[in-house]
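To convert, take the position in the sequence shown, counting from 1, and add 193; that gives our numbering. Below is one structure, written out as structure tokens; the observations come after it.
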Amino acid sequence: MMAGQHKNKLNLDRLAKIWALAERGDAGEQAAARNRAEALVKPHGYTLAALTCPALRAVRNTTRP
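Structure (structure tokens):
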């Protein structure tokens with residue numbers, strides 16, 4: 194892997210953790226987490242509407258030991 198290449202990949206585990214907070218946090222946390230998730234996916238050409246919650250949960254469940 195070339196230097197800097199890893200930085201350009203969407204971190205799905207991190208996105209799943211942020212999305213979990215967006216679903217279960219208090220109102221202020223939920224809004225902040227949704228904004229952060231949107232900012233994380235936008236540079237990769239995705240929108241939160243295109244990503245489903247079950248898909249994010251599946252990624253989180255398979256990446257954790």
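Yeah, the Cβ is synthetic: ideal placement off N, Cα and C, and Gly gets one too.
By the DSSP assignment, the alpha helix (DSSP H) with residue i in it spans what residues?
| i | result |
| --- | --- |
| L241 | Neither: L241 is in no alpha helix (DSSP H) and is coded neither H nor E. |
| D206 | L205 to R217 |
Nearest-angstrom Cα distance between residue i and residue j?
| i | j | result |
| --- | --- | --- |
| A220 | R227 | 11 Å |
| E216 | L208 | 12 Å |
| L203 | H237 | 7 Å |
For residue i, which residues in the same chain have their Cβ closer than 8 Å to its Cβ, ignoring the five residues on either side in sequence?
| i | result |
| --- | --- |
| I211 | A226, R229, A230 and L233 |
| L241 | R227, A230, E231 and V234 |
Can you list, in chain order, the residues of its chain whose CB lies under 7 Å from that of residue i, leaving out five sequence neighbours each side?
| i | result |
| --- | --- |
| L214 | E222 and A226 |
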